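Report on one structure; see the data block that follows.
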Amino acid sequence: MEQRSESGTSKSSGLMEGNQTPRFWRKLFKWFCNDSLYEELQGDLEEAYKNDTNTRGAKKARAIYRKEVLRMIRPSVTKKTKLPHIISQAFIFHYFKVSFRNLKKHFAYSTLNVLGFAAALAVCLFCINAIYSNHQLDQKFTDKERIYRVSLKINDQFGPKLSAKSQIPLANKLETTLPEIESLGLIQMQGEPMSAYLLKGQRVTFKVDKVNEDFFKVFDYEMILGNVNDLFTNPSNIIITKSMMDKYFTPETVIGKKLGKYIVSGVIEDPSKVSHLHFEILNSQFKDHTASSYYTSWNSYYFQQLYIKLQPNTSPALVSEKLHSMAAEVNEELKGNKQNATYDFVLEPLTSLAQSDASFNNAVLLNSNAQKGAKVLIIVLLAIAAFNYTNLAMAGALSRTKEVGVRKVMGSKRTQLIIQFLIETTLLTLFGFVFGLLIFWLLAPSFASFSDFTFQTTLSFGQVAIFFGFALGVALISGLIPGLFFSRISVLGLFKTNVSKRKLSLQTLKKGLIIFQVSLSLLVFTLGFILLRQAHLIISQETPYTGENMVALELPYELNNMKTIEASDSLNTVFRNELSRLSGVELVAGLGSMPFSPTGLHAIKKHHLSGSDAISSFKLAYADSSFLNVLEPSIEWFAKKNQHLNTPYFLVNDAFDRAISDTIKTIREGAYSLGTDEYYPVLGKISNLNLGDPATENSPSAILIDNSSGYSTLAIKITETSFGKTLSEMEELFVQHFPNQTFYPIFVDDLMESRLGQFKNIVKTFIFIFSAIIAITLMGQIGMAMYSAQTKEKEIGIRKVLGASFKQITGLLLKGTYVQLLIAGLIACPLAYYIFNELKPDFTVPLQVQFYHLLAAFISFALLIIALITSQTWKASNANPSEILRNE
0 MEQRSESGTS
10 KSSGLMEGNQ
20 TPRFWRKLFK
30 WFCNDSLYEE
40 LQGDLEEAYK
50 NDTNTRGAKK
60 ARAIYRKEVL
70 RMIRPSVTKK
80 TKLPHIISQA
90 FIFHYFKVSF
100 RNLKKHFAYS
110 TLNVLGFAAA
120 LAVCLFCINA
130 IYSNHQLDQK
140 FTDKERIYRV
150 SLKINDQFGP
160 KLSAKSQIPL
170 ANKLETTLPE
180 IESLGLIQMQ
190 GEPMSAYLLK
200 GQRVTFKVDK
210 VNEDFFKVFD
220 YEMILGNVND
230 LFTNPSNIII
240 TKSMMDKYFT
250 PETVIGKKLG
260 KYIVSGVIED
270 PSKVSHLHFE
280 ILNSQFKDHT
290 ASSYYTSWNS
300 YYFQQLYIKL
310 QPNTSPALVS
320 EKLHSMAAEV
330 NEELKGNKQN
340 ATYDFVLEPL
350 TSLAQSDASF
360 NNAVLLNSNA
370 QKGAKVLIIV
380 LLAIAAFNYT
390 NLAMAGALSR
400 TKEVGVRKVM
410 GSKRTQLIIQ
420 FLIETTLLTL
430 FGFVFGLLIF
440 WLLAPSFASF
450 SDFTFQTTLS
460 FGQVAIFFGF
470 ALGVALISGL
480 IPGLFFSRIS
490 VLGLFKTNVS
500 KRKLSLQTLK
510 KGLIIFQVSL
520 SLLVFTLGFI
530 LLRQAHLIIS
540 QETPYTGENM
550 VALELPYELN
560 NMKTIEASDS
570 LNTVFRNELS
580 RLSGVELVAG
590 LGSMPFSPTG
600 LHAIKKHHLS
610 GSDAISSFKL
620 AYADSSFLNV
630 LEPSIEWFAK
640 KNQHLNTPYF
650 LVNDAFDRAI
660 SDTIKTIREG
670 AYSLGTDEYY
680 PVLGKISNLN
690 LGDPATENSP
700 SAILIDNSSG
710 YSTLAIKITE
720 TSFGKTLSEM
730 EELFVQHFPN
740 QTFYPIFVDD
750 LMESRLGQFK
760 NIVKTFIFIF
770 SAIIAITLMG
780 QIGMAMYSAQ
790 TKEKEIGIRK
800 VLGASFKQIT
810 GLLLKGTYVQ
820 LLIAGLIACP
830 LAYYIFNELK
840 PDFTVPLQVQ
850 FYHLLAAFIS
860 FALLIIALIT
870 SQTWKASNAN
880 PSEILRNE
């Protein structure tokens with residue numbers, strides 16, 4: 000190998016054999032580097048590259064070389080270049096002037112092109128900002144990299160699942176066995192009833208969550224008013240959120256305000272705006288490992304979320320290993336228990352909790368699956384917008400053949416033609432980009448007000464830069480294609496009457512792009528049509544009862560054990576008896592919880608089987624036999640309803656029948672236990688009973704009719720004619736028996752309506768996005784229709800002179816559209832059918848897509864397109880032929 004001379008002229012030659020620098024970056028450096036400096040600098044870079052390869056490895060050496068090349072891009076190293084004549088100031092001014100003239104000449108479909116592009120960008124900005132907003136949660140907290148949630152991985156007879164909530168005794172176990180923990184914060188949702196208060200003339204309910212002192216060492220939320228330490232000086236003190244203060248109090252008077260048995264001691268920032276947590280009121284009276292067995296059982300994991308901040312320089316992997324060992328000890332302790340479940344403790348980093356798919360993840364968040372859907376939507380929308388824009392740009396360019404010919408005769412060069420088209424498309428995309436930002440800023444506050452998840456109304460520089468780059472990319476493609484095409488055609492070829500093969504190829508490309516765009520639009524339209532039909536089925540599904548003229552009333556109670564919720568005062572029974580005597584009350588029934596609110600997921604054991612085959616899961620609600628009068632029309636009795644009046648029995652749904660019946664015994668023949676030695680029969684079926692999510696969960700559900708237990712919730716049916724009077728009498732009776740409680744009747748029909756509240760908000764968001772997609776598609780089709788009518792206006796004029804009717808002219812313009820729609824239908828409809836059936840969730844009322852659904856979607860889409868084109872034909876056919884043909 001040659002040695003490098005002092006002058007440096009042989010530096011590079013001796014190192015080119017072996018240890019080659021990356022080819023792309025070497026060529027890039029040679030392209031921009033000043034020729035007088037290149038050999039010297041490249042020699043130094045290659046020598047450093049060889050040393051790095053020998054000492055640090057080839058991969059690291061390439062990375063260092065790439066970095067050093069990029070650092071060379073500075074004025075002292077790069078070549079000195081002059082602006083070429085074709086992009087001088089005078090030419091730039093001329094290009095812009097011609098561009099504005101062309102945009103003004105084709106103002107109508109240029110405007111549609113801009114608006115369609117802007118609408119697509121605006122919707123994509125909403126989607127990407129929703130994802131971005133979600134990723135910004137939990138980023139403000141100090142030492143966030145050291146904060147983790149201890150989540151619970153459960154493996155039982157129902158299968159594996161990850162829960163954000165964990166057992167209450169776990170906190171004490173972690174504190175005593177893990178010195179790596181600096182702070183351990185917890186927030187508990189203890190299963191207490193929501194407290195009702197009278198604020199500003201309204202009866203409102205709030206959930207009071209309980210926290211420990213370390214919670215604020217882990218999460219350093221901003222205190223708006225008061226001191227966080229005051230929360231722990233008095234058991235009655237509470238901290239409320241800023242949004243709650245703004246709605247019901249004033250900053251001057253909120254501190255010290257009484258809220259039932261609580262006293263407001265501070266105001267905290269809204270947690271859902273900055274974190275994955277959501278709470279309204281915080282109190283310090285949390286449960287610990289010394290509480291009753293109802294809370295401290297290792298099989299109770301519904302009450303608490305646990306967070307730890309690790310000591311500096313602590314390895315999360317080491318802590319995870321210790322957690323796994325701790326879980327093994329717990330499983331050994333629980334071996335042989337009736338729940339037959341095993342547990343594992345998992346560390347989830349705080350910075351990724353907003354995207355966690357763990358159940359009970361507290362706030363309404365845009366989880367990973369929702370984000371994947373949003374990303375797919377962004378790609379589809381941008382594809383539609385790009386094809387719309389490119390099609391219109393190419394269509395407009397094809398109508399300017401003679402203009403390009405004249406410019407070539409006058410001496411325009413190939414580069415000048417390309418720049419002219421690029422400037423025009425860039426101007427349009429920039430207009431669309433600005434309008435898209437404007438639409439976002441105008442609608443973002445309204446969108447944030449009705450969306451269930453956190454949504455920021457401002458855009459980051461990075462988000463704007465990404466979409467600005469996309470806009471420039473679309474401008475580059477839509478300007479380069481016609482620019483390159485026209486620049487290669489001879490002057491004579493541009494003035495020929497017959498279409499050349501090259502022009503035919505561009506026409507074919509344009510038609511192919513149009514078919515692709517129409518197919519993609521029809522696919523989205525068909526999927527939207529099917530999903531809206533599915534949403535209609537879910538919203539209009541029948542329930543076992545309507546809840547009309549019925550109210551639910553919660554009575555004071557306390558939690559005693561895992562099986563039932565017992566009434567805590569004998570006054571409840573007295574109150575119920577006196578309530579039944581009111582003239583306007585038709586019936587009073589006892590319930591274990593609010594209507595359609597199950598007590599949780601239960602394990603049910605079959606009497607005729609043993610082992611794991613005997614256990615299944617289902618959702619359960621409790622009621623007494625008085626509630627049968629409400630359910631009666633929906634019950635299919637297997638036996639006489641009075642046959643087991645003195646013993647509990649089940650009323651189940653179809654999903655329960657399918658899941659529990661087996662080859663040995665059906666539900667009519669079997670008996671079932673809730674984990675005790677008592678077995679109950681199934682005496683009837685309520686087909687449309689659903690105690691799960693009314694939109695996506697059609698799980699096995701049952702009501703246990705049991706007259707032996709006391710119930711804390713009453714369902715009261717009132718006669719329609721005396722509804723208001725009876726409510727007043729009920730309130731007087733309630734205040735008489737429970738003077739320290741707030742009378743807060745819940746209207747059951749409103750409660751049933753609210754079950755689908757979140758689903759309806761999702762449908763609203765979907766309709767907004769679906770409408771935007773249709774609007775973008777139609778704008779593109781309107782633009783193409785206007786272009787088609789304009790390019791054929793002379794032909795239309797001649798046909799009118801020769802006596803052609805409107806129907807004949809319309810047929811002329813629609814001929815190609817019919818072919819495009821037919822091809823798009825053959826592609827999009829089967830694809831929509833496949834995508835819906837493969838990717839749809841398990842809806843409670845699944846839609847079976849039939850041929851007529853696809854046909855209806857196709858016909859609706861086709862009629863919209865045909866109507867738009869016909870409207871443009873009507874305008875062209877009503878024009879005066881003499882005006883159109885006067886220059887011919």
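Numbering that gives the first Met the number 0 puts the sequence shown at residues 0 to 887.
C-beta atoms are modelled at their ideal positions from N, C-alpha and C, and glycine is treated no differently.
Quantities reported herein were computed from a predicted structural model and do not represent experimental measurements.
Item to check | Residues near K152 by beta carbon distance below 6 Å, same chain, minus five either side | outcome: Around K152: L161, D343 and V345.
Item to check | Contact under 8 Å by Cβ, T425 with L479 | outcome: no
Checklist entry - Should P543 be labelled buried (16 or more other beta-carbon atoms within 10 Å of its own) or exposed? => result buried
Checklist entry - So, helix, strand or coil for M222, using DSSP? => result strand
Checklist entry - To the nearest angstrom, how far is it from the Cα of G435 to the Cα of F835? => result When the Cα atoms are used, G435 and F835 turn out to be separated by approximately 30 Å.
Checklist entry - What is the DSSP secondary structure of T496, reduced to helix, strand or coil? => result Residue confidence is low: T496 scores 49 on pLDDT, short of 50, so the model does not pin down where it sits. Its coordinate-derived value is still stated next. Correct three-state label for T496: coil.
Next on the checklist: Based on DSSP bridge pairs, tell me the residues matched to S615.
Outcome noted: I603
Checklist entry - For T8, which residues from the same chain have a beta carbon less than 8 Å from its beta carbon, with the 5 sequence-adjacent residues on both sides left out? => result In this predicted model, T8 has a pLDDT of only 40, less than 50, meaning its place in the structure is not dependable; the value taken from the coordinates is given anyway. Once the five neighbours on either side are set aside, the close Cβ partners of T8 are E38.
Item to check | Simplified DSSP assignment, three categories, for Q819 | outcome: helix
Next on the checklist: Buried or exposed for D269, going by 16 or more other Cβ atoms inside 10 Å?
Outcome noted: buried
Next on the checklist: Can you confirm whether the segment 736 to 750 touches the segment 531 to 541 when touching is taken to mean that 3 or more C-beta pairs between the two stretches lie within less than 8 Å?
Outcome noted: The segment 531 to 541 is not in contact with the segment 736 to 750.
Item to check | alpha helix (DSSP H) segment containing M729, residue limits | outcome: F722 to H736
Checklist entry - Taking the continuous alpha helix (DSSP H) assigned at K59, which residues delimit it? => result A57 to R70
Checklist entry - Who does R972 pair with in a DSSP beta bridge? => result Because the chain is modelled from 0 through 887, residue 972 falls outside the range shown and cannot be assessed.
Next on the checklist: Please identify the residue among K206, T249, S235 and P234 whose C-alpha is closest to the C-alpha of L223.
Outcome noted: Looking at the sequence shown, residue 223 is not Leu but Ile. Comparing Cα positions, the closest option is T249.
Next on the checklist: I need the DSSP call for V253, collapsed to helix, strand or coil.
Outcome noted: coil
Item to check | Straight-line Cα distance separating K172 from E328 | outcome: Rounded to whole angstroms, E328 to K172 spans 11 Å at the Cα level.
Item to check | Sequence-distant residues of the same chain with beta carbon closer than 6 Å to K500, five excluded per side | outcome: With a pLDDT of only 44 at K500, under 50, the local geometry of the prediction cannot be trusted, and no value is derived from it.
Checklist entry - What are the boundary residues of the beta strand (DSSP E) that D208 is part of? => result That run of the beta strand (DSSP E) goes V207 to V210.
Checklist entry - Are the beta-carbon atoms of N877 and E719 separated by less than 8 Å? => result no
Item to check | Closest residue to E144 among L750, K308 and V433 (Cα-Cα distance) | outcome: The option with the nearest alpha carbon to E144 is K308.
Checklist entry - What's the call for K412, buried or exposed, on a 16-neighbour Cβ count within 10 Å? => result exposed
Checklist entry - Given a threshold of 16 other Cβ atoms within 10 Å of its Cβ, counted over all protein chains shown, does G115 qualify as buried or as exposed? => result Classified as buried, G115 has 16 or more neighbouring CB atoms from the shown chains inside 10 Å of its CB.
Checklist entry - Would you call the segment 165 to 184 and the segment 223 to 237 touching, i.e. three or more CB-CB distances under 8 Å? => result no
Item to check | Straight-line Cα distance separating F432 from I438 | outcome: In a straight line, the C-alpha of I438 is about 10 Å away from that of F432.
Next on the checklist: Quick check on DSSP: helix, strand or coil for V844?
Outcome noted: coil
Next on the checklist: I need the straight-line Cα distance from I773 to P845, nearest angstrom please.
Outcome noted: Separation of I773 and P845 (C-alpha to C-alpha, rounded to the nearest whole angstrom) is 25 Å.
Checklist entry - Once you ignore the five residues that flank W873 on each side, which residues in its own chain have a CB closer than 6 Å to its CB? => result none
Checklist entry - So G683 packs on L732, CB below 8 Å; how close in whole Å? => result Not really, about 33 Å apart at Cβ, beyond 8 Å.
Next on the checklist: When you compare the CB positions of T725 and V584, do they come within less than 8 Å of one another, or not?
Outcome noted: yes
Checklist entry - With a Cβ-Cβ cutoff of 8 Å, do G591 and A620 count as a contact? => result yes
Item to check | N- and C-terminal bounds of the alpha helix (DSSP H) containing F655 | outcome: D653 to I659
Checklist entry - With a Cβ-Cβ cutoff of 8 Å, do H964 and P168 count as a contact? => result The chain is shown from 0 up to 887; residue 964 falls before or after that span and cannot be answered.
Item to check | Reference V403, options F722, L27, L483 and A771, closest by Cα | outcome: L483
Next on the checklist: What does the alpha-carbon distance come out to for the pair I868 and L812?
Outcome noted: 8 Å
Checklist entry - So, using beta-carbon positions, are R148 and E347 closer together than 8 Å? => result yes
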